[in-house]
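Working notes for the structure below.
Rendered as structure tokens:
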């Protein structure tokens, strides 16, 4: 297994290192701080979403993890080795955000070039290239020049290149930015298959929908720093809220039920109300309390927080 | 396969696929063909006496070789300036250096591939030129192989320098700076020969220094020496009181110390390029 450490003579295996571990990782370009102390841990085998708005420092972080750029502070370990370690790169597949392959090569030649750069044995090149073409849906286009490919097809080929050699870690930087809905769905299927194989996927994206579909955990970064990390459920957790339409009670009646949460009148007649920050499971109790006061509960609409709402809230945009 | 050789073969394949090799082949055949016609007319046209022809032929060979050396230098500057910076701008290199290869291996592979192309071009064109000149006029330069080797060395010097620039500057800036300095080194060389003829000490010193800073013209002067028979040099010096000021006349072979310096210069600049590329943020 790639990256697995040999057992010691006493038979006690040391714990496997995380796929990615950063401590206060920083990058500064003169006066501009691109990354301001990023600390995160990505476990092996998980699909980890790296979310943030444009300019948050996502691509900078990816470049630091791959050794394309040098940090100005902090440290990063990838698959148990310092970021950028040459040998470790054998176990990493990378799809950059902005890239181009040699336009004068065919798709198959690009894949074989990368097999050679990865120092795979010559016997395996043809099969690996064919397999990659099949996985990304480019079978039948292997002998076409890359220069004739659309942006989406180039992105598919880039994904195929990233998957060569069954890497232990696949870093995908905005992998679906040029793809149509079918292509996006296809990429999600590929990512789930990678997870099933035990491959760690580091998904850098600003598409929240993409993260919601495939990620086990995400971290949200803003202004070069992680502002939240957790499972999607954890990030979405906000004490439930509900919209209510209540009639038959005098104005301001809800002040008597202030302990249920934060109340807001949404309409001038006071019939529609929003209750936020409720304790979990208290909606039935609330309805009972309103009825006990003599009110008629015409409607109850439970509110669920979307990832987008959490995202915006964490970024201070709401 | 070693990554250096992988990148070198990729570089050569790119030159072939992008029809650079085909374009140079056609251009060379046309130029060598034209030179064949010129040499035939020079030796069989009846316009010169045999003595004049003997003087004209080495000069014509040097002029044609000067043209080819200029093509080699221009090509070295153009392909060298595109090699790194344009691939960084397009994102091609990011996909390569993320693999388990050292950046120095990538740059060394490019250098090797491009130098191989220059070497092949110089060898083929020089060989064709020697054959055509001999066939049309019967003239053979004293040591055309040594001359071709020095023209190749001149091209590799410029290629290495421009590759270094390409690790930091845009393709346009690197190419322009490379060509400008190449021209400046040549002009400094011309100034140096005039300074020798007219005993202008300061200009001579400045010229000498420039030949060490960028040894392209020094190597070209060496190539001239191996193209001109000693009898021709003697006649030229006797014919003109300022014969030493002729930029297409070389009185002495390039000193071995100078050739060693050119080798050291090449190694230093190449190492600087490797370090610069290793440290470059991508």
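Chains as they are written, first to last, in this note's numbering: chain A, 1 to 318; chain B, 1 to 282. Virtual Cβ for every residue (Gly too), placed ideally from N, Cα, C.
Proximity of residue i and residue j at Cβ, strictly below 7 Å
| i | j | result |
| --- | --- | --- |
| residue 242 (chain A) | residue 302 (chain A) | yes |
| residue 85 (chain B) | residue 170 (chain B) | yes |
| residue 181 (chain B) | residue 191 (chain B) | no |
| residue 39 (chain B) | residue 160 (chain B) | no |
| residue 174 (chain A) | residue 205 (chain A) | yes |
| residue 224 (chain A) | residue 34 (chain A) | yes |
| residue 215 (chain A) | residue 49 (chain A) | yes |
| residue 45 (chain B) | residue 132 (chain B) | no |
| residue 219 (chain B) | residue 145 (chain B) | no |
| residue 74 (chain A) | residue 26 (chain A) | yes |
| residue 166 (chain B) | residue 81 (chain B) | yes |
| residue 108 (chain B) | residue 4 (chain B) | yes |
| residue 162 (chain A) | residue 91 (chain A) | no |
| residue 259 (chain B) | residue 62 (chain B) | no |
| residue 89 (chain A) | residue 100 (chain B) | yes |
| residue 199 (chain A) | residue 170 (chain A) | yes |
Integer Cβ distance of residue i from residue j, believed to fall under 8 Å
| i | j | result |
| --- | --- | --- |
| residue 155 (chain B) | residue 76 (chain B) | 5 Å |
| residue 92 (chain B) | residue 102 (chain A) | 6 Å |
| residue 65 (chain A) | residue 78 (chain A) | 6 Å |
| residue 216 (chain B) | residue 157 (chain B) | 5 Å |
| residue 141 (chain A) | residue 178 (chain A) | About 16 Å; that fails the 8 Å criterion. |
| residue 201 (chain A) | residue 194 (chain A) | 5 Å |
| residue 127 (chain A) | residue 111 (chain A) | So it is not a contact: roughly 11 Å between Cβ atoms. |
| residue 263 (chain A) | residue 253 (chain A) | That belief does not hold up - the Cβ atoms of residue 263 (chain A) and residue 253 (chain A) are roughly 10 Å apart, past 8 Å. |
| residue 56 (chain B) | residue 48 (chain B) | 6 Å |
| residue 283 (chain B) | residue 148 (chain B) | Only positions 1 to 282 of chain B appear in the structure, and residue 283 (chain B) is not among them; the question remains open. |
| residue 272 (chain B) | residue 164 (chain B) | 6 Å |
Classification of residue i by the beta-carbon crowding that lies within 10 angstroms, buried from 16 upward
| i | result |
| --- | --- |
| residue 279 (chain B) | exposed |
| residue 82 (chain A) | exposed |
| residue 246 (chain B) | buried |
| residue 6 (chain A) | Interpretation of residue 6 (chain A) is limited by its pLDDT of 37, a score under 50 that renders its predicted location unreliable; no figure is taken from the coordinates. |
| residue 291 (chain A) | exposed |
| residue 205 (chain B) | exposed |
| residue 231 (chain B) | exposed |
| residue 2 (chain B) | exposed |
| residue 297 (chain B) | No statement about residue 297 (chain B) is possible, as the shown extent of chain B runs from 1 to 282 and does not include it. |
| residue 294 (chain A) | exposed |
| residue 288 (chain A) | exposed |
| residue 111 (chain B) | buried |
| residue 16 (chain B) | exposed |
| residue 150 (chain A) | exposed |
| residue 212 (chain B) | exposed |
| residue 10 (chain B) | buried |
| residue 234 (chain B) | exposed |
| residue 262 (chain B) | buried |
| residue 114 (chain A) | buried |
| residue 105 (chain A) | buried |
| residue 264 (chain B) | exposed |
| residue 4 (chain A) | With a pLDDT of only 38 at residue 4 (chain A), under 50, the local geometry of the prediction cannot be trusted, and no value is derived from it. |
| residue 95 (chain B) | buried |
| residue 11 (chain A) | The predicted position of residue 11 (chain A) is uncertain, since its pLDDT is 49 and thus under 50; a value taken from the coordinates is nonetheless stated next. Label assigned to residue 11 (chain A): exposed. |
| residue 251 (chain A) | exposed |
| residue 275 (chain A) | buried |
Residue i - partner residues in DSSP beta bridges
| i | result |
| --- | --- |
| residue 222 (chain A) | A:225 |
| residue 300 (chain A) | A:244 |
| residue 204 (chain A) | A:50 and A:173 |
| residue 105 (chain B) | Answer is none; residue 105 (chain B) lacks a bridge partner. |
| residue 145 (chain A) | A:106 |
| residue 27 (chain A) | A:35 |
| residue 77 (chain A) | A:21 and A:82 |
| residue 94 (chain A) | A:171 |
| residue 40 (chain A) | A:22 |
| residue 251 (chain A) | The partner list for residue 251 (chain A) (beta bridge, DSSP) is empty, contrary to what the question assumes. |
Within chain A, partners of residue i - CB distance below 7 Å
| i | result |
| --- | --- |
| residue 3 (chain B) | 117 |
| residue 6 (chain B) | 116 and 117 |
| residue 17 (chain B) | 104 |
Neighbour list for residue i in chain A, Cβ cutoff strictly below 9 Å
| i | result |
| --- | --- |
| residue 14 (chain B) | 102, 104 and 105 |
Residue i: CB within 6 Å of a non-hydrogen atom of the ligand SAH
| i | result |
| --- | --- |
| residue 165 (chain A) | With respect to the ligand SAH, the structure shown offers nothing to examine, as it has no ligands at all. |
Chain-ordered chain B contacts of residue i [CB-CB under 7 Å]
| i | result |
| --- | --- |
| residue 96 (chain A) | 91, 94 and 95 |
| residue 89 (chain A) | 98, 99 and 100 |
| residue 151 (chain A) | Residues of chain B passing the Cβ test: none, with the nearest at roughly 12 Å. |
Where residue i meets chain B, residues with beta-carbon distance less than 8 Å
| i | result |
| --- | --- |
| residue 99 (chain A) | 91, 92, 94 and 95 |
| residue 161 (chain A) | 95 |
| residue 69 (chain A) | 281 and 282 |
| residue 66 (chain A) | 98 |
Contacts that residue i makes with chain B (C-beta to C-beta distance below 9 Å)
| i | result |
| --- | --- |
| residue 191 (chain A) | None at all; the shortest Cβ gap to chain B is about 19 Å. |
Proximal chain A residues relative to residue i, where beta-carbon distance stays under 8 Å
| i | result |
| --- | --- |
| residue 10 (chain B) | 102 and 113 |
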